[in-house]
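Enquirer: First, the structure itself, so that you have it in front of you.
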């Protein structure tokens, strides 16, 4: 295979990665990494570099639309970014000192359960919950567009959500993937934030977390321009399509897609934990 | 201050942040397309070598090296410069949010955002050192 064919192939798959990544709030890494390593035989270190580029591209590409249309909650995002960026620094310090195999395995099993929990239908009435004093003080409550007009929501259990976000940051510093999943699950399942607000706010946040790690991996020589070029361009195009679809999609469908992707990711993590590969 | 237009409502700030992110992505993509075109034109018919990890040459690992390579008209250097713009976009978004919250007189979120930017810059600086 010549470079030009390789570039076309990677670009086309990245289109799908950007689409799914922006629709689920997970970034494109879950698709990019196995596609490059398993299907195209790319070394894992180049794949990690490309995957980080794809996360930043998905995040910034789709966020413009999500922020403007009022889906992403900027205050929730900024507040929780303290926890994720701190966690990412801690994870980078821990990297190399503890075995990632066991962590991958535990994380994979936890994700399998989350895939089930997140894909179940839940009631989407958020305004009937009493406002939490801490969330009110932090001005985290908001409203988002629905077919029936703007719908208000009250954020719950801020400390638990904040702690989980720290965990999400540690995972992303340690394993390179998985932070988007924990972010969405924490907001959706723990903090009681509407699903579309959870995924689009996660999408808004993952760019910052990934940018912090991208500096590290650029310095280590993991980011290859020839590989990152088709990944970035494909992912940007895919994320723009994803952003258009999300605003109109039924929440229940988004939950099912999210559950499927998380389930796939859980299997990837378990495989990685058992074999040390991927 | 009351006559200062436009009003910095949350919605107005969201619009500005959207524009900032969009501009960053467009600028980065344009540079990557330019560099990618040169790279494919010169090397498109050779074989990719990604199954063995060799690491990037030192030029493509640091900001000054990348700028040098890009100015020399090397395709890979220009792509890498576009990727730097992409990485800088979320950082610029955080920096801009500080100014926006300050204009809104939202002191709590100025502090929150300054904290995020500080951690982010610490992480980026320690990686280049």
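Chains as they are written, first to last, in my numbering: chain E, 530 to 807; chain R, 32 to 160.
Even glycine gets a Cβ: it sits at the ideal position worked out from N, Cα and C.
Leaving aside the five residues before and after residue 160(R) along the sequence, list all residues of the same chain whose C-beta is less than 6 Å from its C-beta, in chain order.
Expert: Confidence at residue 160(R) is low in this model, with a pLDDT of 49, below 50, so the placement of that residue is unreliable and no value is reported for it.
Enquirer: Can you list the residues of chain E that residue 102(R) reaches, using a CB-CB cut of under 7 Å?
Expert: None at all; the shortest Cβ gap to chain E is about 15 Å.
Enquirer: Using the three-state DSSP reduction, which class does residue 183(R) fall into: helix, strand or coil?
Expert: This structure leaves residue 183(R) out entirely; chain R is present only between 32 and 160.
Enquirer: Just curious, the beta strand (DSSP E) that residue 681(E) is in, first and last residue?
Expert: Taken as a continuous stretch (DSSP letters only), the beta strand (DSSP E) holding residue 681(E) covers 678-682.
Enquirer: Between residue 49(R) and chain E, is the shortest Cβ-Cβ distance under 8 Å, so that the two count as touching?
Expert: It does; some Cβ of chain E falls within 8 Å.
Enquirer: Cβ of residue 702(E) within 8 Å of Cβ of residue 757(E)?
Expert: No. Outside cutoff.
Enquirer: Once DSSP output is grouped into helix, strand and coil, what is the label at residue 543(E)?
Expert: Note: residue 543(E) maps to helix in three-state DSSP.
Enquirer: Distance cutoff 8 Å, beta carbons only. Does residue 575(E) sit that close to anything in chain R?
Expert: Closer than 8 Å to some Cβ of chain R, the Cβ of residue 575(E) qualifies, so yes.
Enquirer: For residue 671(E), which beta-bridge partners are listed by DSSP?
Expert: Residue 671(E) pairs with 682(E).
Enquirer: Between which two residues does the alpha helix (DSSP H) holding residue 105(R) run?
Expert: Taken as a continuous stretch (DSSP letters only), residue 105(R) belongs to no alpha helix (DSSP H), as it is neither H nor E.
Enquirer: Under 7 Å, CB to CB, which of the residues in the stretch 103-132 of chain R have a partner in chain E?
Expert: Under the 7 Å Cβ criterion, the stretch 103-132 of chain R contributes 107, 110, 111, 114, 117, 118, 120, 121, 122, 125 and 128.
Enquirer: I'd like to check one pair, residue 155(R) with residue 761(E): are the Cβ atoms closer than 8 Å?
Expert: No. Outside cutoff.
Enquirer: Nearest to residue 747(E) by CA position, among 112(R), 44(R), 149(R) and 77(R), is which residue?
Expert: Taking only the C-alpha atoms, the option nearest residue 747(E) is 112(R).
Enquirer: Please classify residue 534(E) as buried or exposed, where buried requires at least 16 other C-beta atoms within 10 Å of its C-beta.
Expert: When all chains shown are included, residue 534(E) counts as exposed.
Enquirer: Taking the alpha carbon of residue 674(E) as the point to measure from, which residue in 620(E), 743(E) and 725(E) has its own alpha carbon closest?
Expert: Cα-wise, what sits closest to residue 674(E) is 725(E).
Enquirer: Quick one: using the 10 Å Cβ neighbour count with 16 as the cut-off for buried, is residue 804(E) buried or exposed?
Expert: By the 10 Å Cβ count, residue 804(E) comes out exposed.
Enquirer: Kindly list the residues whose CB is nearer than 7 Å to the CB of residue 123(R), restricted to its own chain and excluding five residues on each side of it in sequence; keep chain order.
Expert: Within the same chain, residue 123(R) has close Cβ partners 51 and 55.
Enquirer: To the nearest angstrom, report how far apart residue 798(E) and residue 637(E) are at their CA atoms.
Expert: The alpha-carbon atoms of residue 798(E) and residue 637(E) are separated by roughly 5 Å.
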